[in-house]
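All remarks here apply to the structure that follows.
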Amino acid sequence: MSPTKGSTISVTAMMSALRDVMAKEMSGPKRLNTVLTLLCEQLKMPSAVLYVMRPGDILENFLAIGRPVQLPTFVRLGEEIVGRVALDRKAVISSKGVNKTILVVPMVRGNQVLAVLGLLSRRKESFSTEIVEAVQNVAMILAECLAELTSSKTTKNLVSLSVSRTLEGTGMIQGFALGEVLLHRRLEINGPILTIHPDREIKRLNTSFSKVKRLIQRRLTHPSTPAEEKELFETYLMFLSDVEWKNKVESAIKTGLTAQAALQKVGDETLEKMRAVADPYLRERARDFQDLTARLMQALIPKSGKKKLIGNKILVADNLGAAELLDYDLKHIKGIVLEDGSQTTHVVIVARAYRIPLIGAVKEAVRQLEEGAPVAMDAVQGKIYLRPSDETLDTLKSYQQALRSMARLQAKNKDKPAQTKDGVDVSLMLNMGLSGAVDHLPPCDGIGLYRTELLFMTAKSLPDIRTQTEAYKRVLVQAKNKPVIFRTLDIGSDKVLPYFEQQGEENPAMGWRSIRMTLDRRALLRNQLRALLRATAGSTLRVMFPMITTVEEFIESKKTLEIELKNAILRKQKTPKEIIVGTMLEVPALIFQLDNLLPLVDFISIGTNDLAQFMFAADRTNTQINNRYDSLCPAFLRALNLIVEQCDAYHVKCSVCGEMASRPLEALTLLALGIRTLSMSPESVVAVKTAIRSLNLDKYRDYLMSQLNSKQSSLRNALSSYLRDHHVHLGEIS
Ligand code: PEP
Ligand code: MG
0 MSPTKGSTIS VTAMMSALRD VMAKEMSGPK RLNTVLTLLC EQLKMPSAVL
50 YVMRPGDILE NFLAIGRPVQ LPTFVRLGEE IVGRVALDRK AVISSKGVNK
100 TILVVPMVRG NQVLAVLGLL SRRKESFSTE IVEAVQNVAM ILAECLAELT
150 SSKTTKNLVS LSVSRTLEGT GMIQGFALGE VLLHRRLEIN GPILTIHPDR
200 EIKRLNTSFS KVKRLIQRRL THPSTPAEEK ELFETYLMFL SDVEWKNKVE
250 SAIKTGLTAQ AALQKVGDET LEKMRAVADP YLRERARDFQ DLTARLMQAL
300 IPKSGKKKLI GNKILVADNL GAAELLDYDL KHIKGIVLED GSQTTHVVIV
350 ARAYRIPLIG AVKEAVRQLE EGAPVAMDAV QGKIYLRPSD ETLDTLKSYQ
400 QALRSMARLQ AKNKDKPAQT KDGVDVSLML NMGLSGAVDH LPPCDGIGLY
450 RTELLFMTAK SLPDIRTQTE AYKRVLVQAK NKPVIFRTLD IGSDKVLPYF
500 EQQGEENPAM GWRSIRMTLD RRALLRNQLR ALLRATAGST LRVMFPMITT
550 VEEFIESKKT LEIELKNAIL RKQKTPKEII VGTMLEVPAL IFQLDNLLPL
600 VDFISIGTND LAQFMFAADR TNTQINNRYD SLCPAFLRAL NLIVEQCDAY
650 HVKCSVCGEM ASRPLEALTL LALGIRTLSM SPESVVAVKT AIRSLNLDKY
700 RDYLMSQLNS KQSSLRNALS SYLRDHHVHL GEIS
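Per numbering that gives the first Met the number 0, residue 0 is the first one in the sequence shown, and the count goes up by one each step.
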């Protein structure tokens with residue numbers, strides 16, 4: 000056993016050395032480092048560590064000096080020795096066995112625990128009371144150094160001092176960004192709750208409605224407002240003209256609540272109801288609704304307008320309404336980090352319009368990223384570097400350059416034909432429907448998949464034939480005479496209609512959904528087909544059925560269309576000049592019925608999202624496994640090859656409308672399998688086209704075919720290496 004510390008150490012000498020350090024001119028980080036080093040030297044302790052308090056009752060390993068020790072990066076307040084010391088504000092000496100001693104003391108300043116200091120030794124040590132008291136005094140000094148450091152906002156210095164860390168999420172809007180963390184704060188509403196003047200409060204409510212309406216109108220008519228933003232504000236106007244909702248708020252005021260309290264109450268109740276619906280689209284509406292309610296309250300109690308910002312910020316939030324984002328001065332918002340992982344939220348759509356890189360699905364982002372900390376974002380890889388190292392910064396800057404030159408290249412290709420280097424023309428179409436209307440479609444050959452679910456999911460009750468007809472006509476107008484393939488209702492699973500009774504199911508994705516449901520509730524299908532026939536009267540109707548599993552289901556669906564066509568003729572209604580009928584191929588069983596199916600269909604559209612889900616028996620919505628199997632594995636590609644060969648033999652056009660078609664590497668691979676029509680999300684068109692224009696398809700096909708029998712579980716590396724070696728632009732940064 001070593002002698003009691005204290006018998007060998009002079010506290011007086013230690014304090015005097017400390018005074019010298021404090022008297023010297025040096026930067027905050029250096030002082031912190033020097034004091035800590037001095038403490039270790041004087042106490043003959045090999046290692047020291049500083050855990051600082053972070054928002055959310057977390058302590059973070061901020062600085063470690065001396066001999067490296069394996070320690071957790073984070074400790075919760077109250078847990079382990081560090082957390083307990085922070086909570087109890089008392090020093091603890093812990094000896095584990097004969098070879099480990101830890102002395103931990105809190106660093107308190109102004110009645111607040113700023114951090115915890117730990118001194119560690121691999122030997123058994125014992126400390127005199129005098130020494131422990133001296134260490135506590137040093138801890139106070141260190142607390143001052145730390146406070147000075149954080150208040151000076153010399154974030155550059157913090158980088159060199161503190162622990163770098165990487166958080167991961169999903170890159171939703173590609174790009175790179177550097178800046179300081181800006182934690183999103185919700186609008187804070189205050190003001191009285193009760194009133195004895197309900198009439199006055201109703202007047203205030205009306206004024207706030209008019210004020211918000213005016214603000215929205217102004218934004219809608221402003222020439223520089225992007226289409227995506229207009230779409231959002233149109234939804235707000237729709238909410239604002241909902242008389243039922245306003246009446247409810249007025250009734251609440253009449254019970255004695257002020258306008259703001261009534262808005263809050265009715266808002267909370269409505270929100271609760273909307274949140275109970277599982278559908279992601281309606282959940283998004285709930286967020287818009289919350290956002291609008293906050294806006295109305297802000298109009299009642301005017302506070303600040305746009306938040307004043309300085310420098311480059313990375314906005315961090317659990318979730319964010321699109322209008323909340325627009326409240327910030329976007330010049331300063333260089334990136335967005337969200338805990339929310341939904342791709343279809345309005346904030347993603349709006350951020351894309353403003354080209355702000357965004358990473359979503361970042362677990363506990365708000366708790367882990369503290370205000371003002373420097374971060375670097377790589378929204379291509381979905382990584383956030385907290386206090387990045389110089390090497391990380393250099394790498395990201397070079398990626399940023401590469402991304403910019405890629406964007407320039409894509410802009411050059413935007414209006415050029417989708418033709419490979421060896422002259423093969425490809426038809427690029429769009430997947431539309433779920434995100435509502437899009438004002439400016441990218442150059443394309445039409446809409447290859449129009450998901451009709453949206454209209455049904457947003458309506459309060461089943462939309463009647465007239466409403467549907469008008470909606471489909473609008474889509475055709477939007478497509479400016481280019482072909483539109485309407486897919487009949489694909490509901491069930493996670494797309495639930497609030498007014499349609501559905502039993503809870505064990506496996507809804509494989510349950511009573513889609514064509515299964517509409518064939519059983521035939522009126523639903525008949526009305527939809529009737530509306531489609533009316534909307535395309537005098538032109539061409541292109542329609543396909545989802546989730547077809549057997550040839551009979553297709554025959555039944557097509558028969559239903561024929562009956563509706565006959566009825567229309569009997570009623571002397573104008574009918575389409577041409578009707579083109581196809582099916583989605585998304586259930587593996589259908590692959591083995593192609594000989595019977597293909598003579599009956601005009602086209603096939605492969606839904607790779609569901610086809611992969613069922614082929615791999617892997618739930619596409621389960622984040623734990625949805626990346627486990629690769630659609631670029633030989634098995635899946637061989638299945639696709641089989642489909643293409645069969646379609647070629649029957650001269651049936653075969654396209655792909657699943658997500659695979661939206662990604663350049665996958666899209667090129669589909670072309671190499673013989674697919675010539677790809678339908679994708681609008682924002683993918685330019686990247687896919689750029690890739691196509693740099694490809695020699697014939698050679699790539701030869702290479703792909705040579706790999707199809709490989710035993711590997713994925714050809715991704717092999718295929719992307721081949722393409723990169725042949726200077727094909729895959730839209731990736733490496
Ligand atoms: C698919 O399954 O690939 C598809 C395009 O349909 P959805 O994503 O709408 O299920
Ligand atoms: Mg599908």
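By construction, the Cβ of each residue, glycine as well, lies at the ideal position given by its N, Cα and C atoms.
Could you work out which residue in Glu40, Gly310, Leu314 is closest to valine 10 when comparing CA atoms only?
The sequence position of residue 10 within the sequence shown is 11, counting from 1. The option with the nearest alpha carbon to valine 10 is Glu40.
Nearer than 8 Å: is that true of the beta carbon of cysteine 653 relative to any heavy atom of the ligand PEP?
The residue you call residue 653 lines up with position 654 of the sequence shown. Answer for cysteine 653: no, Cβ out of range of the ligand PEP.
Which residues in the same chain as proline 681 place their Cβ atom closer than 7 Å to its Cβ, once the five residues preceding and following it in sequence are excluded?
Counting from 1 along the sequence shown, the entry for residue 681 is found at position 682. Cβ-Cβ distances below 7 Å link proline 681 to Leu429, Val437, Leu440, Pro441 in the same chain, with the five nearest sequence neighbours on each side left out; the list follows chain order.
Could you check whether leucine 714 and leucine 722 sit closer than 9 Å to each other, using their CB atoms as the reference points?
Counting from one through the sequence shown, the residue named residue 722 turns up at place 723. Counting from one through the sequence shown, the residue named residue 714 turns up at place 715. No, the Cβ-Cβ distance between leucine 722 and leucine 714 is not below 9 Å.
For arginine 541, which residues does DSSP report across the bridge?
As a working mapping, residue 541 is identified with position 542 in the sequence shown. Arginine 541 is bridged to Ile484, Ile579.
Work out the CA separation of threonine 165 and serine 1 for me, nearest whole Å.
Mapped onto the sequence shown, residue 1 falls at position 2. Mapped onto the sequence shown, residue 165 falls at position 166. Below a pLDDT of 50, predicted positions are generally treated as unreliable, and serine 1, at 47, falls in that range; the measurement from the model is reported next regardless. Near 40 Å, if we compare the C-alpha coordinates of threonine 165 and serine 1.
May I ask you to report which of helix, strand or coil DSSP gives leucine 789?
Past the edges of the chain, shown from 0 to 733, lies residue 789, and the structure says nothing about it.
Any heavy atom of the ligand MG inside 8 Å of the beta-carbon of asparagine 621?
By 1-based counting over the sequence shown, the position of residue 621 is 622. The answer is no for asparagine 621.
From asparagine 156 to tyrosine 327, what does the alpha carbon distance come to, in whole angstroms?
Within the sequence shown, numbered from 1, the residue matching residue 156 stands at position 157. Within the sequence shown, numbered from 1, the residue matching residue 327 stands at position 328. In this prediction, asparagine 156 has a pLDDT of 34, which is less than 50 and means its spatial position is unreliable; nothing more can be read from the coordinates.
What three-state label does DSSP hand leucine 631 in the structure shown?
Looking up residue 631 in the sequence shown gives position 632. In this structure, leucine 631 counts as coil in the three-state DSSP scheme.
List the endpoints of the continuous beta strand (DSSP E) containing tyrosine 449.
By one-based count along the sequence shown, residue 449 stands at place 450. For tyrosine 449, the enclosing beta strand (DSSP E) starts and ends at 446-450.
Relative to the C-alpha of leucine 672, which candidate in Arg294, Ala686, Cys653 has its C-alpha closest?
Numbered from 1 along the sequence shown, position 673 holds the residue referred to as residue 672. Of the candidates Arg294, Ala686, Cys653, the one whose C-alpha sits nearest the C-alpha of leucine 672 is Cys653.
Where DSSP assigns a beta bridge to asparagine 60, which residues make up the other side?
If you number the sequence shown from 1, residue 60 lands on position 61. Note: asparagine 60 sits in a beta bridge opposite Tyr50.
Counted within 10 angstroms of its Cβ, other Cβ atoms place methionine 516 as buried (16 or more) or exposed:
Here residue 516 refers to the residue found at position 517 of the sequence shown. Flag for methionine 516 reads buried.
Unbroken beta strand (DSSP E) run spanning proline 734, endpoints
Lying outside 0 to 733, the shown extent of the chain, residue 734 is not represented and no answer is given.
Just to be sure I understand the criterion: a residue counts if its Cβ is closer than 7 Å to at least one heavy atom of the ligand PEP. Which residues meet that?
Listed by chain position, these are Asn430, Leu448, Arg450, Asp489, Pro545, Met583, Glu585, Gly606, Thr607, Asn608, Asp609, Leu610, Cys656, Gly657, Glu658.
Alpha carbon to alpha carbon, what distance is there between phenylalanine 615 and proline 587?
Along the sequence shown, one-based indexing puts residue 587 at 588. Along the sequence shown, one-based indexing puts residue 615 at 616. Cα-Cα distance, rounded: 10 Å.
By the DSSP assignment, the alpha helix (DSSP H) with alanine 536 in it spans what residues?
For the purposes of this step, residue 536 is identified with residue 537 of the sequence shown, where counting begins at 1. No alpha helix (DSSP H) holds alanine 536; DSSP gives it neither H nor E.
For tyrosine 327, the three-state DSSP class (helix, strand or coil)
Taking the sequence shown and counting its residues from 1, one reaches residue 327 at position 328. Looking at tyrosine 327 - three-state DSSP - the assignment turns out to be strand.
Note the first and the last residue of the continuous beta strand (DSSP E) segment covering serine 678.
Locating residue 678 in the sequence shown gives position 679, counting from the first residue. Run containing serine 678: 676-679, per the beta strand (DSSP E) assignment.
Expected contact under 8 Å - CB spacing of glycine 491 and cysteine 656 to nearest Å
Within the sequence shown, numbered from 1, the residue matching residue 491 stands at position 492. Within the sequence shown, numbered from 1, the residue matching residue 656 stands at position 657. Going by Cβ atoms, the distance from glycine 491 to cysteine 656 rounds to 19 Å, so no, they are not a contact pair.
Thinking leucine 113 and methionine 52 are a contact (beta carbons under 8 Å), I'd like their distance in whole angstroms, please.
Within the sequence shown, the letter at position 114 stands for residue 113. Within the sequence shown, the letter at position 53 stands for residue 52. Going by Cβ atoms, the distance from leucine 113 to methionine 52 rounds to 6 Å, so yes, they are a contact pair.
DSSP-derived helix/strand/coil call for valine 137:
In the sequence shown, counting from the first residue as 1, residue 137 sits at position 138. Helix at valine 137.
Shortest alpha-carbon distance to valine 600 belongs to which of Cys632, Lys576, Glu555?
The residue given as residue 600 occupies position 601 in the sequence shown. With distances taken between Cα atoms, valine 600 lies closest to Glu555.
Tell me where the beta strand (DSSP E) around alanine 316 begins and ends.
As a position in the sequence shown, residue 316 is number 317, starting the count at 1. Counted as a single uninterrupted DSSP element, the beta strand (DSSP E) harbouring alanine 316 occupies residues 312-316.
Which partner residues of lysine 430 appear in the DSSP bridge assignment?
The residue you call residue 430 lines up with position 431 of the sequence shown. Contrary to the premise, residue 430 reads as asparagine rather than lysine in this sequence. Its beta-bridge partners are Leu448.
Over what stretch of residues does the beta strand (DSSP E) that includes phenylalanine 553 continue unbroken?
Here residue 553 is taken as the residue at index 554 of the sequence shown, counted from 1. Counting along the chain, phenylalanine 553 falls outside any beta strand (DSSP E), though it belongs to the alpha helix (DSSP H) covering 550-569.
Would you identify the three-state DSSP class for isoleucine 590, choosing helix, strand or coil?
Here residue 590 refers to the residue found at position 591 when the sequence shown is read from its first residue. Helix.
Examine the Cβ distances between the segment 306-313 and the segment 216-233 and report whether three or more of them are shorter than 8 Å.
no
Alpha helix (DSSP H) containing tyrosine 353: first to last residue?
The residue you call residue 353 lines up with position 354 of the sequence shown. It is not in any alpha helix (DSSP H) - tyrosine 353 carries neither H nor E in the DSSP assignment.
Within 9 Å, strictly: CB atoms of isoleucine 579 and valine 542:
By one-based count along the sequence shown, residue 579 stands at place 580. By one-based count along the sequence shown, residue 542 stands at place 543. Yes, Cβ-Cβ distance for isoleucine 579 and valine 542 is below 9 Å.
Following the continuous beta strand (DSSP E) through glycine 334, name the residue where it begins and the one where it ends.
Residue 334 sits at position 335 when you count from the first residue of the sequence shown. Unbroken beta strand (DSSP E) run through glycine 334: 332-337.
Beta-bridge pairing of phenylalanine 602 - partner residues as DSSP gives them:
Indexing the sequence shown from 1 puts residue 602 at position 603. The secondary-structure analysis by DSSP pairs phenylalanine 602 across a beta bridge with Gly581, Lys652.
Length of the line joining the Cα atoms of lysine 420 and leucine 496:
On the sequence shown, position 421 is the one that residue 420 refers to. On the sequence shown, position 497 is the one that residue 496 refers to. Approximately 47 Å between the Cα atoms of the pair.
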